[in-house]
Amino acid sequence: VIDSLTPDQMKAIAQEVCNIFVKLSDLPTNGKFGWVDGTNSKLVDSWFDVMQKMYDEIVKRNDKTGVVGPEFLNLFASALNIHKEYFKKVSSRYVYDDISSKNVIIKDGKFNGLVDLDQIMYGDFLEPIGRIKASWYGTEHGKVYADAVIEFLKLNEEQKQMVTVYALLNRINWLSEIGIQF
């Protein structure tokens with residue numbers, strides 16, 4: 101439906117999504133990091149540990165499929181290394197991480213709700229913004245929507261850079277899923 105929305109409609113939807121980020125940010129975490137889904141979630145001590153686990157999973161998938169390839173594995177490893185100190189400093193925040201476009205319900209051009217609420221994340225609230233950017237990367241509609249989210253949240257330059265890093269890391273992660281049976 102994104103192609104049928106006007107820029108003003110997309111910005112209004114982005115505002116609603118940002119309101120969700122803001123409301124959830126006040127909820128407490130246990131200080132750990134990772135995904136919580138009501139089961140015995142294996143949380144870790146730092147956001148860097150989460151990102152390292154993501155990389156390890158991508159490598160494991162790539163060993164089976166070869167889809168990702170060494171260039172993207174090296175790119176992910178390089179991003180981990182370059183942003184290691186940032187990842188280690190991230191505070192544990194309560195985040196609905198899967199708020200990218202596929203889980204936002206639109207009715208008559210307006211935000212109407214969310215789906216896929218089976219888990220939340222304790223981690224960096226910029227990561228799901230990176231997913232939003234990654235979901236529609238390269239399209240004008242996606243740029244309008246992602247830019248509106250960034251603008252409404254008043255992200256600074258470092259935060260904007262990290263959104264782009266997360267967009268790249270998510271695209272590599274999604275690529276690693278090709279050919280993997282879950």
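Our numbering puts the first residue of the sequence shown at 101, with every later residue one more than the last. Don't be surprised by glycine CBs; every beta carbon is placed ideally from N, CA and C. These numbers were taken from a predicted model, which means no experiment stands behind them.
Inset, instruction - Using a threshold of 9 Å, state whether the C-beta atoms of Lys233 and Ala267 are closer than that. - result: yes
Inset, instruction - Could you tell me the distance, in whole angstroms, from the CA atom of Asn270 to the CA atom of Met262? - result: 12 Å
Inset, instruction - Look at the alpha carbon of Ile199 and the alpha carbon of Leu214, and state the distance between them as a whole number of angstroms. - result: 8 Å
Legend entry - Residue closest to Val265, alpha-carbon to alpha-carbon, out of Lys210, Cys118, Ala177, Val249: Ala177
Inset, instruction - Return the first residue and the last residue of the beta strand (DSSP E) that Leu214 is part of. - result: 210 to 214
Legend entry - Start-end ranges of the beta strand (DSSP E) lying completely within the segment 137 to 203, minimum 3 residues: 193 to 195
Legend entry - Reduced DSSP secondary structure (H/G/I, E/B, other) of Trp274: helix
Inset, instruction - Please list, in chain order, all residues of the same chain as Gly209 whose beta carbon is under 8 Å from its beta carbon, the five residues on each side excluded. - result: Ser104, Leu105, Thr106, Gln109
Inset, instruction - Would you mind working out which of Tyr196, Asp218, Arg231, Leu175 sits nearest Gly138, comparing C-alpha positions? - result: Asp218
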